[in-house]
Amino acid sequence: MSDSEALVDVDKLCVEFSIGRKLFGPPTVVRAVDSVSLRIQSGQFFGLVGESGSGKTTFGRAILKAVPISSGTVRYSDEEVAYDLKSISKVQLKDYRKRAQLIFQDPYAALSPRMTVRDIIAEPLEVMKLTKTREETDARVREMAARCRLNLEHLRRFPHAFSGGQRQRISIARALVCQPRFLVADESVAALDVSIQADILNMLKKLQQELGLTFLFISHDLSVVAHICDMVAVMYLGSLVEIAPTRALFHSPKHPYTKALLSAIPSLDPDDRGDVQRLRGEIPSPTNPPSGCRFHTRCPSATALCSERVPIPEQVQEGHTVSCHHWQKLAE
Amino acid sequence: MNDTKVVASGTQVADEQSRKEAYFTAGQFQLIWARFKKNRAAMFAAMVLATMVLMGWFAPFLSPYDPTIAGRDKDYQNGAPQWPMFSDHNGSSWRPFLHTLERTRSIKTNFRWVSEVNKEKRRYVGFFVKGWRYHLIRLDLDLPGQMLDVRVRLLEMETHLFGIDSGGIHIFGTDAAGKDIYSRTLQAVWTSLAVGTIGVFISFVLALVIGGISGYFGGWLDSSIQMITDAIRTVPAIPLFMALAAFVPDEWSAETRFLFISIILGLIGWPTLARRVRTHLLTERAQEYVLAAQLCGASSAHVIRRHLLPSFTSYIIVDLVISFPYMVLSETALSFIGLGLKDPVNSLGVMLQNVTKADVLLNYQWYFIPVIFFMALVLSFVFVGDGLRDAADPYSDRNK
Amino acid sequence: MSDALLDVRDLDIRFATDEGLITAVESTSFSLSSGEVLGLVGESGSGKSVTAKALMQLNANNTRYGERSVIELHLGSGSVQVLKLKRPRDLRVVRGGAVSMIFQEPMASFAPAITIGDQMVEQLLVHTNQSKAGAKELSIEMLARVGISDADKRFNQYAFELSGGMRQRAMIAMALSTRPQLLIADEPTTALDVTIQAQVLDLMKDLIVEFGMAILFITHDLGVIAQTADRVAVMYLGRIVETGTVRDVLRNPLHPYTQGLLRALPRLDALDEPLTPVPGDIPSPLERPAGCVFHTRCTLAIAGRCDQVMPVATLHSTGHSVACHVASDALGVAS
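Protein chains in written order, with my numbering: chain A, 1 to 332; chain B, 1001 to 1400; chain C, 2001 to 2335.
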């Protein structure tokens, strides 16, 4: 239902960083996320795709309040609480941390090498004081480890004993042990081999169904997103260019960037040369974004209007919005 | 090369499994120790170091004579080293012995005292003999003024490892006053270790606090602290030592002086260590597992205790071990030129104060025997430090 | 095989480490003809990078090659036995001369403190008879040819001033400026964004047509291979498990590992297919399985055979060979 409250409601979110300053001028500001609005419904597997500089990782961190929000609102509301992340109090933030967690990309960097697996998974419980006794902690750790297919003897070992796929499972167990409702998976399968990637993706899907989780799945890999997500949002240089349900996005993309992105993925069929829409040029630097529609410098269909005015999101269908001045013309 | 697996016997498989399990469950320090053990030079150096520390600790037990002026042998000044023998022209003995030195007035030298070796009279070396009194656990911290002195004297004993039934036994010879060089060497080793320890400890505490604040908080605090640290580092060490040491009041006792010199060494040494602590912290702070902990709402104290401290403990230990020899050598240099420790506090530098005389260089070469001990001490620290540094990061090559 | 440019036979590569002799590549054989693109596909631990580096003798000092291993380059001027080369002068032929390599991380290929132009000119001066001026002109021409705009300005820039895609193009320009007969591309597009990857792959395909060189394309991405390669060799844990034309292998995979890989891959043209992972984990190099290296993860493994006897590569149809007991049994061919 479109007017049910979304679990995460993002409205015109902007995240800026200042990186250094010229000698006597104002500091150089990078708008990593520029006025992004989207809604994640409870129980959804929401995908966020983009290339480098798209701001997707920053977006994911901002939603978890791991980076400061410069402007716009991020509202989290489930059956129990409702928080406005921009003006959240410290006490509320502590509670929010129990409900929203992050799964990292690099399985080799995300686990402290000097802690046993049991301690790694137990850490959120101990920090957030969710359990009272050691036995209780151990029981919960064991339960979560079993769900992530880790044995009892694995718990005594250190991360160096494990492969990439196993480490990612430990990472997932750690994220889930505090029973969150909302998970941000930031490129969680990017560093894994293909044969293991499918395993982790299936596990995430299973956990979603078993535990009633909502995922924000950030990835640069469109094929992965296509298989696992219900809704997909495409970002380019900090702006959102298109949001649609997965089928709609992949079968009838409306934004030129989405179309180019899809056609750039090399097909497994050697004879399928595809409908080749190559983009010209390089991705611009986020410190100096193009005026108007940020994509106009590389867009094969750009006009003068595109460099002057920023396109606003327009609805194509229920749940499908696109930010492009000419999407209707291009769809014909 | 055939590497298809030979079908292993049951126990072989079990051994293999337990070995692998041991590897999987090995904590950081166990991994470091396992790597360190493989380095033969470092293990040898570690044994030498352990031996020297024990020798220093048990110095009074091992020394037949009191190393201070109280134990000097008036009859054997500037005496050559005396090594016990097991046999001479009169036959062998299972107990080692020395010949007696007799002094007579001789006509040949106008009735002045002359020492002669009497090969007929034997003096037997005894073991676990009673001798001068000492305390096995001893700690003296003398600060200026009377109130803050710390004196710990426990376990008074009289037994010494060896001694002789009459006369003196000086296996490294004696110096100009008749003090036994062997006993003084052992005491000097202990003093150097003590100076080094105090110096390193002070450096370490300062470095940890200052480098820690700098690295953990970053930003302008870090920049300002770094500027101050760099300024201190640019001050040349030896002239600074000399200036500070020259200001020590004469009325301070040798023990107070000893403490003061140690503190100065510590104060000179902290900038280098602080910079290392800061660098470690800056790297570790940016690690993803730290962010993971912070996303659970972990406090700074938790992050420091659980993640940051364990991550650089091994490096800090390496840094400490490697700075030790610098402390020892700096103190030796200072004492050698007379600005460091003074009698009765004894160190290599103090022992070498008198070696520059031509007399000594030509005639009393045994004054240099302690140098061998110090070379061994310094080198063993260096090798152990290097070995630790190589073993120190068991996780660096794990990142694929 | 008559115009085979590169012949690799029985390649065995082992590394002497603290933990013992680790096998990275075992009994690998393949060949490459002029103008052909051979894809070497595998995941981590497959040994593909080590194989590529062996072709230029770029592996570390603790590498031990097998006694029967042969890497033979049939250049216009004669045959070269790469593994027998010892002197730096001889190795120059394979390093940058007849054989060039491009890497995954362009920053690794360019020295950070020297301009790109200087590096390209240096390479040309070493390997060709060009004069300095001629080398400069050729380098700028190559930079323009790979699609770098303002080539003469870029010539004087440093590697860090270029974006990722441009650096990769510059690396391709540098590698091709000496007109090598064999180009080894080690994961050249893995670190690039997918739209940039598409541009670079298009470029490479054009250059193959224009320069006529052979390419050994190493990657883990089967899609890239499908679009770029003529033939593909699938590697697992140091052995080639299947070889064939790209169409044959991708449409009719015979080896369980290849089949598993294809089932685990998310495909845009099959959005409803579930993703089936290959069971288990890649064994660590210290625990090489006996018999068929894949048997520990293979759902079709025959106990008593697959875990004891190493399958040899058998030809199933023209150019399509596979090393698998089960596959060979199914076609009635002895393995």
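For every residue, glycine included, the Cβ atom is placed at its ideal position computed from N, Cα and C. Quick caveat, the model's predicted, so the values are computed rather than measured.
- By the neighbour-count definition (other C-beta atoms within 10 Å, threshold 16), C/T2258 is a buried residue.
- Between C/I2282 and C/E2043 the beta-carbon gap is near 7 Å, inside 8 Å, which marks them as a contact.
- Residue-level contact by beta carbon holds for A/D106 and chain B, with a gap shorter than 9 Å.
- Setting aside the 5 residues that flank it on each side, C/D2010 is surrounded in the same chain by S2027, S2029, G2066, R2068, S2069, V2070, each with a C-beta closer than 7 Å to its C-beta; the list follows chain order.
- Cβ-Cβ separation between C/V2094 and C/Q2057: approximately 7 Å, consistent with a contact (criterion under 8 Å).
- Residues of chain C with a Cβ closer than 9 Å to the Cβ of A/S188 do not exist; the shortest Cβ-Cβ separation is about 14 Å.
- Residue contact with chain A for B/E1288: present (Cβ-Cβ distance below 9 Å to some residue of chain A).
- Setting aside the 5 residues that flank it on each side, B/R1133 is surrounded in the same chain by E1156, E1158, each with a C-beta closer than 7 Å to its C-beta; the list follows chain order.
- A contact between stretches requires three or more CB pairs, one per stretch, nearer than 8 Å, and the stretch 67 to 80 of chain A fails this requirement with the stretch 104 to 112 of chain A.
- Beta-bridge partners of A/F45 (DSSP): A/F215.
- With distances taken between CA atoms, B/A1298 lies nearest to A/K94 out of A/K94, A/D78, A/S37.
- Using a 10 angstroms sphere on the CB of A/A191, the tally of other CB atoms reaches 16 or more, which defines it as buried.
- Taking the Cα of C/D2152 as reference, the smallest distance to any Cα among C/R2247, C/L2138, C/T2017 is reached at C/L2138.
- Cβ-Cβ separation between A/V30 and A/E51: approximately 16 Å, too far for a contact (criterion under 8 Å).
- Chain order gives the chain C residues near A/E51 as D2193, V2194, T2195, where near means a beta carbon separation below 7 Å.
- Contact between C/M2204 and C/T2219 is absent: CB atoms are separated by about 12 Å, not below the 8 Å threshold.
- Remark: C-beta atoms of A/V310 and A/E242 do not approach each other more closely than 9 Å.
- With its beta carbon at least 9 Å from every one in chain B, A/R149 lies outside the interface.
- Counting along the chain, the unbroken beta strand (DSSP E) around B/F1162 starts and ends at 1150 to 1164.
- For chain B, the residues of the stretch 109 to 136 of chain A that bring a beta carbon within less than 7 Å of one of its beta carbons are A109, A110, L111, S112, P113, R114, E123, P124, V127, M128, in chain order.
- Boundaries cannot be given for A/S285, as no beta strand (DSSP E) includes it and DSSP labels it neither H nor E.
- Between C/V2241 and C/C2324, the C-beta spacing is below 9 Å.
- Ranking A/P266, A/R247, A/L216, A/C178 by CA distance to the CA of C/D2202 puts A/P266 first.
- Ranked by Cα distance from A/N202, the first of A/R181, A/L64, A/G165 is A/G165.
- For B/R1072, the CB contacts under 6 Å within the same chain, skipping 5 residues up- and downstream, are A1177, G1178, K1179 in chain order.
- Restricting attention to B/L1054, B/H1170, B/K1074, the CA atom closest to the CA of B/L1136 is found in B/L1054.
- Of the other Cβ atoms in all chains shown, 16 or more fall within 10 Å of the Cβ of A/I121; this residue is therefore buried.
- Taking all protein chains in view, the Cβ of A/Q44 is crowded by 16 or more other Cβ atoms within 10 Å, so the residue is classified as buried.
- Inter-residue distance for B/L1362 and B/I1337 is about 21 Å (C-alpha atoms, whole angstroms).
- The shortest CA-to-CA distance from C/D2206 to any of C/D2193, C/A2173, C/T2178, C/M2235 is the one to C/A2173.
- Not flagged as an interface residue toward chain A: B/H1280, since no C-beta distance is shorter than 9 Å.
- Taking C-beta atoms as the reference points, C/V2246 and C/L2182 fail to come closer than 9 Å.
- For C/A2301, no Cβ of chain A is located within less than 9 Å of the residue's own Cβ.
- Chain-ordered listing is empty here: chain A has no CB closer than 9 Å to the CB of C/A2233, the nearest sitting near 15 Å.
- The Cβ atoms of A/S223 and C/R2267 sit closer than 9 Å to each other.
- Residue-level contact by beta carbon holds for A/R174 and chain B, with a gap shorter than 9 Å.
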